[in-house]
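Step one of this worksheet: look at the structure below.
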Amino acid sequence: MLVFFAPLDDEELENSGNGFKAAIPRSLIRRVLFACHGHVMSGHGGITKTKFRAKQLYHWKKMSRDVRNYVRSCPHCQQYKPCQKKVTAGEYMPHNISEPWETVAVDLMGPKPTGIDR
Ligand SMILES: [Zn+2]
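All letters in the sequence shown, in the order written, are residues 1 to 118 by full-length UniProt numbering.
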């Protein structure tokens, strides 16, 4: 097995041996990604979590790109995970007003709570 020294933090720089990651050939990347993301015990984590798991044990070039593509194309995640897109206001729809006071809008509030009598 070919190993690659890629410590993630100072702790792995010490003599613990955790800084050495298994070098993964391109032919095995999908299997590794399945183990880190798609396996029953992996829980279909997001891109960040899957990349973190992969970096703990493995190393290959362009890991971030491969993880991102794998997670985004996972059929299980596409079917069951909710959309993470931020909800924004709709597109601005200008009113075509031709003369003043043609359209009036009022925001009504109330009744408001009264103050405490002392
Ligand atoms: Zn998934």
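Virtual Cβ for every residue (Gly too), placed ideally from N, Cα, C.
Helix, strand or coil at residue i [DSSP, three-state]
i           : result
residue 166 : Absent from the structure is residue 166, since the part of the chain shown begins at 1 and ends at 118.
His59       : strand
Ala105      : coil
Val32       : helix
Gly46       : coil
His95       : coil
Element boundaries [alpha helix (DSSP H), containing residue i]
i     : result
Val67 : 63-72
Cys77 : 75-80
Arg26 : Element bounds for Arg26: n/a, residue is neither H nor E.
Glu91 : Note, Glu91: premise wrong, no alpha helix (DSSP H); not H, not E.
Asp10 : 10-13
Selection from the options that minimises the alpha carbon distance to residue i
i     : options                     : result
Cys74 : Phe5, Leu33, Tyr58, Glu11   : Leu33
Phe4  : Lys61, His37, His39         : Lys61
His59 : Gly38, Pro25, Asp107, His37 : Pro25
Leu8  : Thr114, Met93, Gln56        : Gln56
Range covered by the beta strand (DSSP E) that runs through residue i
i     : result
Val3  : 3-5
Phe20 : 20-23
Q.
I need the residues with a C-beta less than 6 Å from some heavy atom of ligand 1; please give them in chain order.
A. The filter returns His37, Gly38, His44, Cys74, His76, Cys77, in chain order.
Q. Is there contact here, the segment 18-34 with the segment 58-72, by at least three beta-carbon pairs under 8 Å?
A. yes
Q) For the 8 Å Cβ check, are there 3 or more pairs between the segment 14-25 and the segment 35-48? A) Contact between the segment 14-25 and the segment 35-48 is absent, because fewer than three Cβ pairs lie under 8 Å.
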